[in-house]
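S.K.:
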Amino acid sequence: MDGLDALPGLGFDRPIFSEEHNAFRTSTRRFFRKEVEPNVRQWEKDGFFPAELFRKAGQAGLLCAGIPAQYGGGGGDFLHVTIFNEEHGYSPAGAALESGMATDTSAYVVLFAGTEEQKQEWLPGFAKGEIIAELGLTEGQSGSDPASIQTTARRDGDDFILNGSKMWMTNGPILTNLIVVARTEAGTRLFFVPLQNTKGVTVSKHTELMLKSSGGVSEIFFDEVRIPARNQLGGDDKRSLANALATVTVGRLVTAARMLAACELAYHMTVDFVKNRKAFGQRIFDFQNTQFKLASIKTEIAVGRGYLDQLLLRNLHGRLDPVESAMAKLWISEMEGRVMDECLQLFGGAGYSNEYPISKMYAFARVHRIFLGTSEIQRVTIARTI
Amino acid sequence: MDGLDALPGLGFDRPIFSEEHNAFRTSTRRFFRKEVEPNVRQWEKDGFFPAELFRKAGQAGLLCAGIPAQYGGGGGDFLHVTIFNEEHGYSPAGAALESGMATDTSAYVVLFAGTEEQKQEWLPGFAKGEIIAELGLTEGQSGSDPASIQTTARRDGDDFILNGSKMWMTNGPILTNLIVVARTEAGTRLFFVPLQNTKGVTVSKHTELMLKSSGGVSEIFFDEVRIPARNQLGGDDKRSLANALATVTVGRLVTAARMLAACELAYHMTVDFVKNRKAFGQRIFDFQNTQFKLASIKTEIAVGRGYLDQLLLRNLHGRLDPVESAMAKLWISEMEGRVMDECLQLFGGAGYSNEYPISKMYAFARVHRIFLGTSEIQRVTIARTI
Amino acid sequence: MPYHYTRELFSEEHEIFRASYRHFLETEADAHVDEWLKAGRVPQSFFTKAGEMGFLAVGVPEEYGGPGGDFLCRVIIAEELGYSVAGASIAPLVIGDGVSEILFHNGSEEQRHKWMPPMAKGEVRMGFAITEPDSGSDVASIRTSAVRDGDEYIINGAKTYIGNAAFADAFIVACKTQPELGMKGISMIIVEADRPGFVRGRKLEKMGSHLSGTGEIAFQDVRVPVSNLVGTEGAGMKVVMTGLNMDRITWPSIAHAASQRAFDETVTFTRNRRSFGQAIIDFQNTRFKLAEMKTELAVGRAFLDDLIRDYLKTGKLDTIRCAMAKIWLPEMEGRIIDQCVQFHGGAGYMDEYPVSRLYTAARLHRIFAGTAEIMRLMVGRSI
Amino acid sequence: MPYHYTRELFSEEHEIFRASYRHFLETEADAHVDEWLKAGRVPQSFFTKAGEMGFLAVGVPEEYGGPGGDFLCRVIIAEELGYSVAGASIAPLVIGDGVSEILFHNGSEEQRHKWMPPMAKGEVRMGFAITEPDSGSDVASIRTSAVRDGDEYIINGAKTYIGNAAFADAFIVACKTQPELGMKGISMIIVEADRPGFVRGRKLEKMGSHLSGTGEIAFQDVRVPVSNLVGTEGAGMKVVMTGLNMDRITWPSIAHAASQRAFDETVTFTRNRRSFGQAIIDFQNTRFKLAEMKTELAVGRAFLDDLIRDYLKTGKLDTIRCAMAKIWLPEMEGRIIDQCVQFHGGAGYMDEYPVSRLYTAARLHRIFAGTAEIMRLMVGRSI
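Protein chains in written order, with full-length UniProt numbering: chain W, 1 to 386; chain X, 1 to 386; chain E, 1 to 383; chain Y, 1 to 383.
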């Protein structure tokens, strides 16, 4: 697990990656080792990790690795984004960053839904880590249902005036932009809204969550916020919302990849722990209960890995049925819940304190069955295909 | 589900098969439709399905499809055997045959452990369905642990004399041969023993099992049974037992394939049922509980399918870690237990009666966590690799 | 090892009743059940003996020919039957004598005097026929009709999944007397099996509980006198309900006892069977799983005892708590017996070991007498 | 909505005690817990008030300065604390007053007179220090030593995961006085926090239960008088045991009450929150899952009531049944609160909703006071 080049998976074949992917993985891992892991405890004390981290990641060529080079991206493919997210999951500091490094998904929103000019104007900023953006969909009472959005954008000459609020905005305190979904006279549209020094924008202090991390979410309020009309994502394209929401597959898959990597990390950490701790004169590993639990965990992870790698490949070749990403998100998040729970239990009292990453990984895992569409919503989506 | 050519899976991509594989699948499916399904109720009444079924399967080219042509086999690959077992699982009459059609695994025992002469002499009989054989490993008190085998073979001139017994011998009443694992002075060896008209061989009436099927298992006793020395599988090769036991991977994978296919069948049958039955004025399908359960089932099956197909491919390319087949057998048999249980529940009272195949599929599934190594043994095996 | 129950809930008299019922099951049922399974039915002699001993129609007072037992006698019968080896095969058949209770509570004096004495003697057995091919648990959608014609009803329709269908001498049948009233137009009518037009349909083969004689019955212009009406016209659902709570403590009690039996069998089996040089019980995984089962059995016992205590105090069973028991105990039974089969290994799949039969019998308990889903609907509505 | 309990187990006097403790928690704890969480500790004023009201060291008789409560008072405290919002943050701290009970049962007259009055007044708090960095639940392997030197012990060693480590005024410390005797060489010795050489180590940050002050303590040649020995030399394990069964009904009681709180919160939340045009509670999946939770709560309640009834009858708690409760109730709590968080959606992950805190607090309950694995070992051995 310690070598930068070793894949901290279960050791089985993953033939989906090229040499170039593996090199990208090494750079990403080095970044987490060098820039994140030594600093994360301090950031927790500071209250939030610095925006600077994005610029460093951009300089290292880690952001927008799957976005075409013509827009300033790395010109790689979907597996590059996946690898970045896997390495987030493989890092023992991963949970302490919350979902903070997953901004590539919002770059995809611009890529999928923006006009040519907008892509050329904004995407390079994403790739450099200068733009830190989120898709602003969820509101207090509406959840993630676009049909019930209350935020409005009213046309006023060459501008739009925004009113409303968005919840659960990851990286709230350091966000530079929000891609706000709002109702207009013409229908529901998206607006690329600068947040810093914009009149009428208020970003709440980040919300107190179950997981105490160095990242977090905020609520963001818009009170008569004036935005130039050219910031309307995709211009007047009626399909811009649908195009933007098509990134949901990207989001679900890379999150599934991050969760699964976190399970593999938890497994290895737990194996290390139980092989080094003794109770009643023998290693904890030597109890049959421990071995049976670990065998079950290893099996579940291997099954999830086999499944997910197949989907990643299918997505790379453009043959993924959208319901498959829903199933992957559903199953892997529920599997992660079981795995983290069992691993924490094998740590005993040590698992509950923050001295080992497992306690935060457990608390982080709990939100995975809720965000990006709850397990219930995924089941509704899947059931529609039956 | 009704077309002979449609894959009764979940409809997702299975790129591992060639056109030739698909044609083999169609033949196999036609065989189950024509030769098995209309007759199985009668065979249940008769007490056992006829040995004739094997000869018909042989004539149709379905047996030993993965065994090299030089030995009378179909000259196909491991995926052919897999397809044969999948089609057993996809057949609504599959559970009523018990494991009865899985004799290809014993052909692999000869292929893996036999001498060249033995392969040439015996394998064509397997392929024609004239030889119906099983590997005789399990005994009353020993389970499947080769170290504690009690059956003995003592050398007497050009012969061996066998004494002992074997349990859980699938197809007992119609078996022509048993590949008996026995202790000799030189170590544990295997003997290809003709059962019919052999002095000293007694085959018990088949055992009363939880699953009431047209197939079944027997106990077979050897009392001073005289066998020519040339029937010693692999001759004096010390590795013959290890070679024979290497077929365990074949057995676990094709059984996993059969179980997973049965899950897919159960899923489709259940969807049909709940879409056609009403309760309280609406279709059973329209209850949210039904939809959520089916969404979970569909997801579990899809995950298992993604996992297993990856392993099948890896095995085809000779890159399978043996522990992976243990994990597949463990996970898919436990998943099958959950799926059959939930499907039966959605059938309600109808699911408990034998009018629908689900009741037998449920009872068949129960043995899958026990045979070919219990779930506990699989966990022990997996834990050794941790 | 006999069934462990909470002794302080029972009187001395109940203890005697329990001991004699247990002895009866051991000698008259467990010892013969394998032959019965081969023959496909329980012989009349069993019922005759059971009647002589006072084990049938237990709740019926002596003046109507019954043994005059109380609620706790019913509980004892459920527990001991659940714990017996034969129970896995015969319980739905034998406990089906709950029909006598329903008929006693709802029937006319004439009906009581006519039916109770032969039922208590084991000479006559009745079935209870509600479910139809297309109705499932949704009683309102039944289609069997009873049309009044003078002093008679003319009955037409078909019923399925009826316990004791193959053997019963008469059935209490749910019929629509006023179809336009839906649920309120249902009446319960006694139909004797020897009436012209009564058709005994197929016996249904099942996964387990092989001796319950489950099957189909049908009515083709069957004429019965109006005096066969149980209770009043349109009161069918009320009649059905009188048996429900009792059913919903009976089956959880059977589920608990059957789980306890499987547990006890498994402790013995894993003590005696060795693997890798040690008794199976001495593997930590075995002990941990057995510890979980023992815990669940204790927790479930406490809940059932609470229901019994409630009944002894109030003379009633709370519908929602019974529904909870009908959810929880059979699901516990499913978990426990599944694990017991697993610890038996291949033996657990062979019918000569009780756990194999207990497993297939248990699967029914989450379905009949109100599926786990219907129970969840009920409890869910109470929130 | 207050906690539902089984009223007939409690007397009128207990009802008054419960009402006043509930009121106390609402006004003095629930109302302030958010400030306390920011400050990172519970203020002295809370303990002073608790002492004045007679809620500390409840089991200690009046002649030793305690309120003289009984077993049921302890149960009431556990239930009400478990049900309160503040409980998720403060329960291990407040219930830590069980130390007084252990000291009272095992201490000398002198120790009782010295420690009980200030503990009952809330002026002094004690910690109970067994676990060491390398010992886990395996008490026999502790290494902290106490060497006799004249009238003193010289103590050296380190303890971790000690509740109240950050705030307690004194600790009852498990030490090896005769290392060669293993388990039988362990003694419990009171160490005051103001002794030279006593080091309060790090406060350990945890997933939840943020106010319990869990942390490390260490001893560097700490000298205490031999009169600080609790009980006799080598009787350490006996002292530990006197508290165990009580712990093992306290935490299951808290687990049940916390689950009930989460359930009640979820019913309210899903009634008020709408999705796709209807209240979340009206989705069938919600009602089915709530029905399961309500069933589990009823079943768990019955088991706890049985233990209480046992105690009231015999004056004792059965070790194995307590272990079963310590397995089953916290695992039930895990299932229920997990599902409650799920039904809250994103809100369930925000600490302003009680279920978020209850979830992280609950995770500890399967670990401390004997892990679920240790409990399975014990129950497994009893088979």
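Backbone N, C-alpha and C define an ideal beta-carbon position, used for all residues, glycine too.
Note that the structure is a prediction, hence the values are computed from the model and not measured.
(1) On the CB-based measure, 16 or more other CB atoms within 10 Å of its CB, does T202(X) come out buried or exposed?
(2) Residues of chain W with CB closer than 7 Å to the CB of D351(Y), please, in chain order.
(3) So, at 6 Å on beta carbons, what are the nonlocal neighbours of T286(E) in its own chain, with the 5 sequence-adjacent residues on each side left out?
(4) Identify, in the order they occur along the chain, each residue of the same chain with its Cβ nearer than 6 Å to the Cβ of T144(Y), setting aside the five sequence neighbours on each side.
(5) Name, please, each residue of chain A whose Cβ falls closer than 9 Å to the Cβ of K294(Y).
(6) Straight-line CA distance for L4(X) to D30(E)?
(7) State the DSSP-derived secondary structure class of Y33(W), mapped to helix, strand or coil.
(8) Tell me the residue span of the beta strand (DSSP E) that contains I186(E).
(9) Given this structure, state the Cα-to-Cα distance separating residue 451(X) from A302(X), to the nearest angstrom.
(10) Residues in the region 364–379 of chain Y with C-beta within 8 Å of chain W's C-beta atoms, listed in sequence order?
(11) Considering only their Cβ atoms, is the gap separating I336(Y) from A262(Y) smaller than 8 Å?
(12) In three-state terms, what does DSSP make of N228(E)?
(13) Identify the continuous beta strand (DSSP E) that holds E224(X) and give its terminal residues.
(14) Excluding sequence positions up to five away, which residues of its chain have a Cβ less than 6 Å from the Cβ of N228(E)?
(15) What three-state label does DSSP hand F219(E) in the structure shown?
(16) Buried or exposed for H23(E), please, with buried defined as at least 16 other CB atoms from any protein chain shown within 10 angstroms of its CB.
(17) Between the beta-carbon of G125(W) and the beta-carbon of I131(W), is there less than 8 Å?
(18) Figure out for me which residue from G197(Y), C73(Y), L211(Y) has the closest Cα to the Cα of K203(Y).
(19) Looking at the unbroken alpha helix (DSSP H) that takes in M101(W), where does it start and where does it end?
(20) Any residues in the region 365–378 of chain W with a beta carbon nearer than 8 Å to a beta carbon of chain Y? Which ones, in chain order?
(21) By DSSP, does A86(Y) sit in helix, in strand, or in coil?
(22) Is H344(E) buried or exposed, if buried means 16 or more other CB atoms sit within 10 Å of its CB?
(23) Could you name the residues of chain E that F287(W) contacts, counting a contact when the two beta carbons are closer than 9 Å?
(24) Is it right to say H113(Y) is buried, meaning 16 or more other beta carbons lie within 10 angstroms of its own, or is it exposed?
(25) With a Cβ-Cβ cutoff of 8 Å, do Q260(Y) and L290(Y) count as a contact?
(26) Determine the burial state of G47(W): buried for a count of at least 16 other Cβ atoms within 10 Å of its Cβ, exposed for fewer.
(27) Going along the chain, which residues of the region 268–286 of chain W sit with their C-beta nearer than 9 Å to a C-beta in chain Y?
(28) Give me the Cα-Cα distance between C343(X) and K128(X), rounded to the nearest whole angstrom.
(29) Strictly under 8 Å for the Cβ-Cβ distance: is D2(X) near chain Y by that measure?
(30) CB-CB under 7 Å to N171(W), same chain, minus the five flanking residues each way: which ones, in chain order?
(31) Taking Cβ to Cβ, would you say L294(X) is nearer than 8 Å to A383(W)?
(32) When you compare the CB positions of T270(X) and F347(X), do they come within less than 8 Å of one another, or not?
(33) So, is the C-beta of D151(E) closer than 8 Å to a C-beta in chain X?
(34) In three-state terms, what does DSSP make of F192(X)?
(35) Could you check what DSSP says for V58(E) in three-state terms: helix, strand or coil?
M.R.: For this structure:
(1) For the purposes of this step, residue 202(X) is taken as the residue at position 202 of the second sequence. T202(X) comes out exposed.
(2) Numbered from 1 along the fourth sequence, position 351 holds the residue referred to as residue 351(Y). Those are E208, L209, M210, listed as they occur along chain W.
(3) Locating residue 286(E) in the third sequence gives position 286, where the first residue counts as 1. The residues are T270, I280.
(4) Residue numbering aside, residue 144(Y) sits at position 144 when the fourth sequence is read from its first letter. Shown here for T144(Y): same chain residues with a beta carbon closer than 6 Å to its own, the five before and five after excluded, namely G157, C175 in chain order.
(5) In the structure shown, chain A does not exist; the protein chains are W, X, E and Y.
(6) Counting from one through the second sequence, the residue named residue 4(X) turns up at place 4. Counting from one through the third sequence, the residue named residue 30(E) turns up at place 30. Its pLDDT being 48, under 50, L4(X) is placed unreliably by the model, and the measurement read from it follows with that caveat. Within the model, the alpha-carbon separation for L4(X) versus D30(E) is close to 49 Å.
(7) Start at 1 with the first residue of the first sequence, and residue 33(W) comes out as number 33. Sequence check: residue 33(W) is Arg here, not Tyr. Note: R33(W) maps to helix in three-state DSSP.
(8) Here the question's residue 186(E) lines up with position 186 in the third sequence. Counting along the chain, the unbroken beta strand (DSSP E) around I186(E) starts and ends at 186–192.
(9) Absent from the structure is residue 451(X), since the part of chain X shown begins at 1 and ends at 386.
(10) If you check each beta-carbon in the region 364–379 of chain Y against every beta-carbon of chain W, the ones closer than 8 Å belong to L364, R366, I367, F368, T371, A372, E373, R376.
(11) Within the fourth sequence, residue 262(Y) is the residue found at index 262, counting from 1. Within the fourth sequence, residue 336(Y) is the residue found at index 336, counting from 1. Less than 8 Å separates the beta-carbon of A262(Y) from that of I336(Y).
(12) In the third sequence, counting from the first residue as 1, residue 228(E) sits at position 228. N228(E): helix per DSSP, three-state reduction.
(13) Translated into positions along the second sequence, residue 224(X) becomes position 224. Run containing E224(X): 217–228, per the beta strand (DSSP E) assignment.
(14) Sequence index remark: in the third sequence, residue 228(E) carries index 228 (1-based). Correct list, in chain order: I189, I190.
(15) Counting from one through the third sequence, the residue named residue 219(E) turns up at place 219. Strand at F219(E).
(16) Position 23 of the third sequence, counted from the first residue, corresponds to residue 23(E). Exposed, by the Cβ-count rule.
(17) Numbered from its first residue, the first sequence carries residue 125(W) at position 125. Numbered from its first residue, the first sequence carries residue 131(W) at position 131. Closer than 8 Å, so yes.
(18) Walking along the fourth sequence from the start, residue 203(Y) turns up at place 203. The option with the nearest alpha carbon to K203(Y) is L211(Y).
(19) Reading the first sequence from its first residue, position 101 is the one you call residue 101(W). Note, M101(W): premise wrong, no alpha helix (DSSP H); not H, not E.
(20) Listed by position, the residues of the region 365–378 of chain W near chain Y (Cβ gap below 8 Å) are R366, V367, R369, I370, F371, T374, S375, E376.
(21) Numbered from 1 along the fourth sequence, position 86 holds the residue referred to as residue 86(Y). Here DSSP, grouped into helix, strand and coil, assigns A86(Y) to coil.
(22) Counting from one through the third sequence, the residue named residue 344(E) turns up at place 344. It counts as buried.
(23) Taking the first residue of the first sequence as position 1, residue 287(W) is located at position 287. Under the 9 Å cutoff, chain E gives Q284.
(24) If you number the fourth sequence from 1, residue 113(Y) lands on position 113. Here H113(Y) is exposed, its C-beta having fewer than 16 other C-beta atoms within 10 Å.
(25) On the fourth sequence, residue 260(Y) is found 260 positions in, with the first residue counted as 1. On the fourth sequence, residue 290(Y) is found 290 positions in, with the first residue counted as 1. In this structure, L290(Y) does not lie closer than 8 Å to Q260(Y) by Cβ.
(26) By one-based count along the first sequence, residue 47(W) stands at place 47. When all chains shown are included, G47(W) counts as exposed.
(27) Using a CB distance below 9 Å, the part of the region 268–286 of chain W facing chain Y consists of R277, K278, A279, F280, G281, I284, ordered along the chain.
(28) Walking along the second sequence from the start, residue 343(X) turns up at place 343. Walking along the second sequence from the start, residue 128(X) turns up at place 128. Near 37 Å, if we compare the C-alpha coordinates of K128(X) and C343(X).
(29) For this step, residue 2(X) is matched to residue 2 along the second sequence. Model confidence at D2(X) stands at a pLDDT of 44, short of 50, so the residue's coordinates are unreliable; what they give is reported in the following sentence. For D2(X), no CB of chain Y lies under 8 Å from its own CB, so it is not counted at the interface with that chain.
(30) The residue labelled residue 171(W) in the question sits at position 171 within the first sequence. Only G100, I132, E134, G215 meet the Cβ criterion.
(31) Here residue 294(X) refers to the residue found at position 294 when the second sequence is read from its first residue. Here residue 383(W) refers to the residue found at position 383 when the first sequence is read from its first residue. Cβ distance < 8 Å, so L294(X) and A383(W) count as in contact.
(32) One-based indexing of the second sequence puts residue 270(X) at position 270. One-based indexing of the second sequence puts residue 347(X) at position 347. Judged by beta-carbon spacing, F347(X) lies within the 8 Å limit of T270(X), meaning their Cβ atoms are closer than that value.
(33) For this step, residue 151(E) is matched to residue 151 along the third sequence. By this cut-off, D151(E) is not an interface position.
(34) Along the second sequence, read from residue 1 onward, the residue named residue 192(X) stands at position 192. DSSP places F192(X) in strand when its eight states are reduced to three.
(35) Here the question's residue 58(E) lines up with position 58 in the third sequence. V58(E): coil per DSSP, three-state reduction.
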